[in-house]
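**Q** Before anything else, here's the structure in question.
Numbering (the numbering used here), first residue to last: -16 to 462.
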């Protein structure tokens, strides 16, 4: 996907009783360190932790209503949702996500099933939303844009803590919505080592009834579409010297939903569960990450390592007997190393390399009387990329041209009960940008960029079925 755009950004005045101002907002979207939002030549929208609280934005689902061109593409359960930015994303989660998701400096990627991280915005420092293709810096899965979720760092100097409770009501729900969260930061070695622990829980009781047979005014169950979400995060921050920063993080989140299905009626709200059995959609994800940054006189080196494991899926009973179950067990190891200039000269540059090794096992079962279909499969990917950007300040920094390039290679294998199919692809993405900063309060830029989604590997049965229907098809779909 390619796009070209032109923008103008200007500071706007805030009322004097505001505790914050736009010109204090910083972002790290360009991967070259913290920059004022005003000076970044990207279509980026930033939300501080305070913004999120004031607007009652607790999840990505809440967030997209405030982002132009963003909307939900598919909702399978609270653990499995996909989103669209500028028309990219799609209503089908099959294949890798066309939207990038980053938890701090590391990616959240489920191979061959493009879902967003089902996280709550607990103890969040900032959220950045980049609209449009971001293939140069963020690689595959960024053809529509990127969401970046920055969590709070431990305080190396002072102990701090926070706690909050919230309650609300949903019309016709069987109970009140409830949420609790807390965070504590403790310096273990003053100015050198600190730890931060945060966590919380939320519960939203259901508001729809359930009938195992025909609607008769007496439901067999009430409030069946409730959901819960628990999460805990542990962050350790070390600064052994003035120019070295080390950050390790463990993040565990568990979204759960009681019932899945289509509403038979919205007034009154109820589900027709003719199978008479409970269904569910659950998730359980664990993310380990480690980031190291070393600053030198005129450049900085950053290494970001992560390991994501999880399981999520749905179970839906079928009438009169049987069920459909689809369970996913993703794993992803990711490593990125990059260096960028930090000097005061007119030349600015960034170079880097990334490697990912992941798989997306799926256990799919359909059982009906006399019928048992097993469609278990797995998609394995090993990919690597090199990338870079360079810009130069002209006329004392008032005019800044920038060019960027990324070269990506992916080896992908699809396995099922009958076959093992492999494919390899190479993709080049680029970005060119011209920024004009006539004053400190105004930035204008025009940009053209490309992005892509990793290709999908289909089973031979899928290919043959399409070909029989007269549709051209092949095992490996182009990125």
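In this text, a Cβ means the ideal position worked out from N, Cα and C, and glycines have one as well.
#1: Mind checking whether residue 26 and residue 114 have CB atoms under 8 angstroms apart?
#2: Suppose only complete runs of 3+ residues qualify. What are the beta strand (DSSP E) ranges in the region 177 to 228, listed by chain order?
#3: What's the gap between the Cα of residue 406 and the Cα of residue 172?
#4: Quick one: Cα of residue 157 to Cα of residue 370, how far?
#5: Just to check my reading of the structure: residue 56 and residue 67 have Cβ atoms closer than 8 angstroms, yes? What is that Cβ distance to the nearest angstrom?
#6: On the three-state DSSP scale, how would you describe residue 338?
#7: When the Cα of residue 153 is compared with those of 208, 362, 100, 391, which residue comes out closest?
#8: Can you find the residues in the same chain that come closer than 6 angstroms, C-beta to C-beta, to residue 453, ignoring five residues on each side of it along the sequence?
#9: At what residues does the beta strand (DSSP E) containing residue 269 begin and finish?
#10: Can the beta-carbon of residue 317 be found closer than 8 angstroms to that of residue 89?
#11: So residue 359 is in the beta strand (DSSP E); what residue range does that whole segment cover?
#12: Counting C-beta neighbours from all protein chains within 10 Å, is the total for residue 377 16 or more, i.e. buried, or is it exposed?
#13: Short check: CB of residue 415 to CB of residue 431, under 8 angstroms?
#14: Report the residue from 426, 92, 373, 193 whose alpha carbon sits nearest the alpha carbon of residue 19.
#15: List the DSSP bridge partners of residue 113.
#16: Please say whether residue 374 and residue 385 have beta carbons closer to each other than 8 angstroms?
#17: At a cut of 8 angstroms, does the region 226 to 235 reach the region 262 to 274 through at least three beta carbon pairs?
#18: Nearest by alpha-carbon distance to residue 79: which of 159, 94, 372, 362 is it?
#19: Tell me whether the beta-carbon of residue 138 lies closer than 8 angstroms to the beta-carbon of residue 177.
#20: Determine the direct distance from the alpha carbon of residue 293 to that of residue 62, and round the result to whole angstroms.
#21: Any beta carbon from chain B within less than 8 angstroms of residue 424's own beta carbon?
#22: Kindly give me the distance between the Cβ atoms of residue 528 and residue 50, rounded to whole angstroms, as I take these residues to be in contact under 8 angstroms.
#23: Leaving out the 5 sequence neighbours to the left and right, which residues in its chain are closer than 6 angstroms to residue 30 when beta-carbon positions are compared?
#24: The beta strand (DSSP E) spanning residue 33 covers which residue range?
#25: Return the first residue and the last residue of the beta strand (DSSP E) that residue 467 is part of.
#26: Tell me, please, which residues DSSP counts as bridged to residue 287.
#27: Mapping the DSSP letters down to three states, classify residue 118 as helix, strand or coil.
#28: Just the Cα atoms here: how many angstroms apart are residue 246 and residue 184?
#29: Consult DSSP for residue 304 and reduce its assignment to one of helix, strand or coil.
#30: Go through its chain and collect everything with a Cβ distance to residue 345's Cβ below 6 angstroms, but skip five positions before and after it.
#31: Using the three-state DSSP reduction, which class does residue 402 fall into: helix, strand or coil?
#32: Tell me the DSSP secondary structure of residue 63 in three-state form.
#33: Tell me which residue opens and which closes the beta strand (DSSP E) that residue 172 is part of.
#34: Can you tell me the Cα-Cα spacing of residue 355 and residue 396, whole angstroms?
#35: Distance check for residue 342 and residue 250, CA to CA, integer angstroms please.
#36: Nearest to residue 404 by alpha carbon, out of 394, 219, 256, 410?
**A** In this structure, then:
#1: The count along the chain shown starts at 1 and reaches residue 26 at position 43. The count along the chain shown starts at 1 and reaches residue 114 at position 131. The beta carbons of residue 26 and residue 114 sit closer together than 8 angstroms.
#2: Assignment of beta strand (DSSP E) within the region 177 to 228, counting only whole runs of 3 or more residues, yields 192 to 194, 210 to 224 in chain order.
#3: Taking the chain shown and counting its residues from 1, one reaches residue 406 at position 423. Taking the chain shown and counting its residues from 1, one reaches residue 172 at position 189. When only Cα atoms are considered, residue 406 and residue 172 end up about 51 angstroms apart.
#4: The residue you call residue 157 lines up with position 174 of the chain shown. The residue you call residue 370 lines up with position 387 of the chain shown. The alpha-carbon atoms of residue 157 and residue 370 are separated by roughly 53 angstroms.
#5: Mapped onto the chain shown, residue 56 falls at position 73. Mapped onto the chain shown, residue 67 falls at position 84. Contact flag correct, Cβ pair sits at about 5 angstroms.
#6: For the purposes of this step, residue 338 is taken as residue 355 along the chain shown, with counting starting at 1. Residue 338 falls in the strand class under three-state DSSP.
#7: Position 170 of the chain shown, counted from the first residue, corresponds to residue 153. Nearest to residue 153 by alpha-carbon distance, out of 208, 362, 100, 391, is 208.
#8: Numbered from 1 along the chain shown, position 470 holds the residue referred to as residue 453. Cβ neighbours of residue 453 beyond the five flanking positions: none.
#9: What you label residue 269 is simply residue 286 of the chain shown in a count that begins at 1. Counted as a single uninterrupted DSSP element, the beta strand (DSSP E) harbouring residue 269 occupies residues 263 to 278.
#10: As a position in the chain shown, residue 317 is number 334, starting the count at 1. As a position in the chain shown, residue 89 is number 106, starting the count at 1. For residue 317 and residue 89, yes; Cβs fall inside 8 angstroms.
#11: Counting from one through the chain shown, the residue named residue 359 turns up at place 376. Premise fails: residue 359 is in no beta strand (DSSP E) and is neither H nor E.
#12: Along the chain shown, one-based indexing puts residue 377 at 394. It is exposed - the Cβ of residue 377 has fewer than 16 other Cβ atoms within 10 Å.
#13: Counted from its first residue, the chain shown places residue 415 at position 432. Counted from its first residue, the chain shown places residue 431 at position 448. In this structure, residue 431 lies closer than 8 angstroms to residue 415 by Cβ.
#14: Counted from its first residue, the chain shown places residue 19 at position 36. Closest by alpha carbon: 426.
#15: On the chain shown, residue 113 is found 130 positions in, with the first residue counted as 1. In DSSP, residue 113 forms a bridge with 27, 129.
#16: Translated into positions along the chain shown, residue 385 becomes position 402. Translated into positions along the chain shown, residue 374 becomes position 391. For residue 385 and residue 374, yes; Cβs fall inside 8 angstroms.
#17: In short, these stretches touch, since the Cβ pair count reaches three.
#18: Your numbering for residue 79 matches position 96 in the chain shown. For residue 79, the nearest C-alpha among the options comes from 94.
#19: Your numbering for residue 138 matches position 155 in the chain shown. Your numbering for residue 177 matches position 194 in the chain shown. Yes.
#20: Locating residue 62 in the chain shown gives position 79, counting from the first residue. Locating residue 293 in the chain shown gives position 310, counting from the first residue. Distance between the alpha carbons of residue 62 and residue 293 is about 11 angstroms.
#21: Among the chains in the structure shown there is no chain B, since it carries only a single protein chain.
#22: The displayed coordinates of the chain run from -16 to 462. Any statement about residue 528 would go beyond what the structure contains.
#23: Position 47 of the chain shown, counted from the first residue, corresponds to residue 30. Once the five neighbours on either side are set aside, the close Cβ partners of residue 30 are 110.
#24: Here residue 33 is taken as the residue at index 50 of the chain shown, counted from 1. Careful: residue 33 lies outside any beta strand (DSSP E), inside the alpha helix (DSSP H) at 32 to 37.
#25: In this structure the chain extends from -16 to 462, so residue 467 is not present and cannot be described.
#26: For this step, residue 287 is matched to residue 304 along the chain shown. Residue 287 is bridged to 274, 319.
#27: Indexing the chain shown from 1 puts residue 118 at position 135. Three-state DSSP puts residue 118 in a helix.
#28: Translated into positions along the chain shown, residue 246 becomes position 263. Translated into positions along the chain shown, residue 184 becomes position 201. Their backbone Cα atoms lie some 27 angstroms apart in a straight line.
#29: By 1-based counting over the chain shown, the position of residue 304 is 321. Per DSSP, reduced to three states, the secondary structure at residue 304 is coil, with no helix or strand assignment.
#30: Position 362 of the chain shown, counted from the first residue, corresponds to residue 345. 311, 360.
#31: On the chain shown, residue 402 is found 419 positions in, with the first residue counted as 1. Note: residue 402 maps to coil in three-state DSSP.
#32: Working through the chain shown from its first residue, we reach residue 63 at position 80. In the structure shown, the three-state DSSP call for residue 63 is strand.
#33: Taking the first residue of the chain shown as position 1, residue 172 is located at position 189. Taken as a continuous stretch (DSSP letters only), the beta strand (DSSP E) holding residue 172 covers 160 to 172.
#34: Against the chain shown, residue 355 aligns to sequence position 372. Against the chain shown, residue 396 aligns to sequence position 413. Taking C-alpha positions only, residue 355 is separated from residue 396 by approximately 26 angstroms.
#35: By 1-based counting over the chain shown, the position of residue 250 is 267. By 1-based counting over the chain shown, the position of residue 342 is 359. Rounded to whole angstroms, the gap between the alpha carbons of residue 250 and residue 342 is 43 angstroms.
#36: Reading the chain shown from its first residue, position 421 is the one you call residue 404. The residue with the shortest Cα to Cα distance from residue 404 is 394.
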